[in-house]
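Residue numbers (full-length UniProt numbering): 1 to 873.
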């Protein structure tokens, strides 16, 4: 689970939203200093996170040594006020977090570690101002605590930190297609200015005298000895790491939990050290309780706190479920469902017994969810992670919980564990319980689906109902307009035209033409990519509406044109950049604007070497071929062939340029085996599609040879599961989906074998069809969920195949598992099921287009640049 998404749930109960945006959930959290009058001669600007203050008419220097002040929940406002009173008379530009909500978001347990701790940023214009600000504020803030800012060097003993980097917003397009913050190198060229969770100084920068002692202290190794040898990291968060270790003194294997002071805050503002100390105290209180780890020792090194506890050699319940859940295949037998049911019921009985033992000691566990239950080799269940536990068994309230497992605020004490155990009982059979964050009444649907698909005992169902109690209806959801839609999914009786009309109405009603950052609410990635893009922004939504025959919202065309005008440095890619926007502008009848936009992006293409379809050369090349076809201008086609040549060279080498995904995963603290990209959007099948189109355009067989080579590179990453389904092996999961999995590979492979026989590709198509026919998918989405698999299956097989007809009927019926209503209209949750999304890749727009494709028998395409299926020719 990508924990970043929880930060984007803070500002709005329905849609993903930037943490600093005003909203119902953030009402009343602004610091008083945020409402102070703007000083005379100054300007103020508030963006999604920061409130900026700078002298009017003065241009900020491009880069230099910036000062950061950190703080805690208790002293944050006091520190901001001190900095404000210091900087304004001196004319020093600065910015700060304007509310407690933004402070908690920036310092949350799963906030990016590189920026964590930063409460205030000051921009000195010279070495003299740097010296004045550091010395003056150090005296004023002496003794104020705050988290260590990992990207910076600490100045003396207070909460001030320094780092060299850019002041003004400048961005650089990397060869991978990623756009990153930039600063100017000694030769005048822009270089990346990456905020890593380590302190680094550019090679050409000489530290000023005022910083030399601080930097020397930052880079001198600590003389403190460490009593454990780290064997491997298990997990990272903003609050610290978790490691598998060996104690040097006696060779004991243990789990070592680390806590950084004042960092990793939960919703109540509690920091990591407090939680670690709480865990130590709770485990000592529970000593000897079956299924609870033993405490070895607690110590402090380098100002970080460590807790060494017993290591259980087991597997997370979440991992075990993912390997054995029978609906992951296309046709689970009654025997397989019965065996799984017996195991799941027995596991929950064990967990209930473990919780009874914990409760008998006067402790509330407080964090029941599948990652915190381990299954040992002998089948025994144990509990781990007691940092949110409490000995206050009567009045305990949760401040940190897994999505869907958080108890209603009215529950207290052991009732919280009983609620979460009931959710766990549901999760083992219907592992989409994060949707309960949006609407707890969906528990009724999940229970019904569980009973329809598994032989669960009546006593098990009753235990669920007893644990959930009267908490299933969600007052907050009802207030936000979430409830049952007017048009329901009712098997063969479903009125699909009315259902799609309702989906389109929900999309149009969500449009916010008054906002500059985004037009439609979608995935959190639109906040970093730009609100106009195809995958996560406005372009893809408008494309889906137009393809499905619906009018676009009033003012949407003007909004998209204005968004294009706001673009500075651009991402030239199709799904994450301007080529996708140009494609949609042309579809809207704005060809001149589309061509102008592509011309603006063209010089950037020489910097880009990523061959993929999502943001790389293949998506751009395919779009240029599209424009060659619709305009009759061969120059577009010639440029596309130039890009195809570079793509073919990359395919021959077999190595992708470094992409941002690996660093993003590391930043999230997800310790996973990293392997190269694969699939239609992110791997080699996108290049295969461009090379195939080059062959179709020129007739030169070298292009077709290269296309097959690219497709085979993706097949090299695939394996067939025990269910007989084809998947991309990502090292930590098996991926069947359109975006980066087997379905997308098969879509291109099916086109390739129409031109040349290939036994390997042909054999893979049947296993890919089985993956598309699987019974269960966590998400409903087009790119990574049920609708995409349904559309891909029909594209690969044809709508008249009796088996495909049955599977499609099942897919359509089971969309009800994810169906929600927003003000009566049909909507679906986006990535991770935490908020509703309207975008193309993860939300309503893509689901609408996928449904239109399926219900039209494939006559409407669901993905740009794919040919119509063979059966539709």
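Yeah, the Cβ is synthetic: ideal placement off N, Cα and C, and Gly gets one too. Since this is a predicted model, take the numbers as computed values, not measurements.
Secondary structure at residue 783: coil, using DSSP grouped into helix, strand and coil. Within the region 688-744, the complete beta strand (DSSP E) segments of 3 residues or longer fall at 718-720, 726-729, listed in chain order.
Secondary structure of residue 806 (DSSP, three-state): helix. When rounded, the separation of the alpha-carbon atoms in residue 834 and residue 517 is 21 Å. Here residue 583 is buried. Its C-beta has 16 or more other C-beta atoms within 10 Å. The region 531-542 and the region 577-592 touch, with no fewer than 3 CB-CB distances between them shorter than 8 Å. Under DSSP, residue 364 forms a beta bridge with 390. The beta-carbon separation of residue 431 and residue 321, rounded to 7 Å, stays under the 8 Å limit for a contact. When DSSP states are grouped into helix, strand and coil, residue 337 belongs to the helix group.
One thing to note: residue 547 has its Cβ within 9 Å of the Cβ of residue 861.
Burial state of residue 9 is buried, judged by a 10 Å Cβ sphere holding 16 or more other Cβ atoms. Check the Cα spacing between residue 616 and each of 656, 592, 594: the tightest is with 656. Residue 726 is not a Cβ neighbour of residue 733, given a cutoff of 9 Å. Among the bridge pairs identified by DSSP, residue 375 is matched with 315, 381.
In the DSSP annotation of this structure, the continuous segment of the beta strand (DSSP E) that includes residue 166 starts and ends at 160-166. When 772, 64, 501, 456 are compared, the shortest CA-CA separation from residue 344 is found for 456.
Look at residue 8 here: in three-state DSSP terms it is coil, with no helix or strand label. In the DSSP assignment, the residues bridged to residue 301 are 304. The region 47-96 contains, as complete alpha helix (DSSP H) runs of 4+ residues, the segments 76-90 (chain order).
The bridge partners DSSP lists for residue 30 are 99.
When DSSP states are grouped into helix, strand and coil, residue 257 belongs to the strand group. DSSP, reduced to helix, strand and coil, places residue 447 within a helical segment of the structure shown. Take residue 361, set aside five residues on each side of it, and the residues of its chain with a beta-carbon closer than 8 Å to its own are 285, 286, 289, in chain order.
Between the region 370-390 and the region 345-361 there are three or more inter-stretch CB-CB distances shorter than 8 Å, so the stretches are counted as touching.
Contact check for residue 341 and residue 454: beta-carbon distance about 5 Å, within the 8 Å limit, so the pair qualifies. If you draw a 10 Å sphere on the C-beta of residue 13, you find 16 or more other C-beta atoms in it, and that means buried.
Residue environment for residue 772: buried (at least 16 other C-beta atoms within 10 angstroms of its C-beta). Taken in chain order, the whole alpha helix (DSSP H) runs of length 4 or more contained in the region 528-585 are 538-547, 556-566. The beta carbon of residue 130 lies closer than 6 Å to those of 65, 124 in the same chain, with the five residues before and after it left out. In this structure, residue 269 keeps its C-beta atom at 9 Å or more from the C-beta atom of residue 400. By the neighbour-count definition (other C-beta atoms within 10 Å, threshold 16), residue 47 is an exposed residue.
In this structure, residue 838 sits away from residue 563, with a CB-CB distance that is not shorter than 9 Å.
Nearest Cα to residue 41 within the set 651, 54, 233, 238: 54. Within the model, the alpha-carbon separation for residue 501 versus residue 806 is close to 24 Å. Sorting 325, 394, 351, 481 by C-alpha distance to the C-alpha of residue 339 places 325 at the top. Note on residue 330: 16 or more other CB atoms within 10 angstroms of its CB, so buried under the neighbour-count rule.
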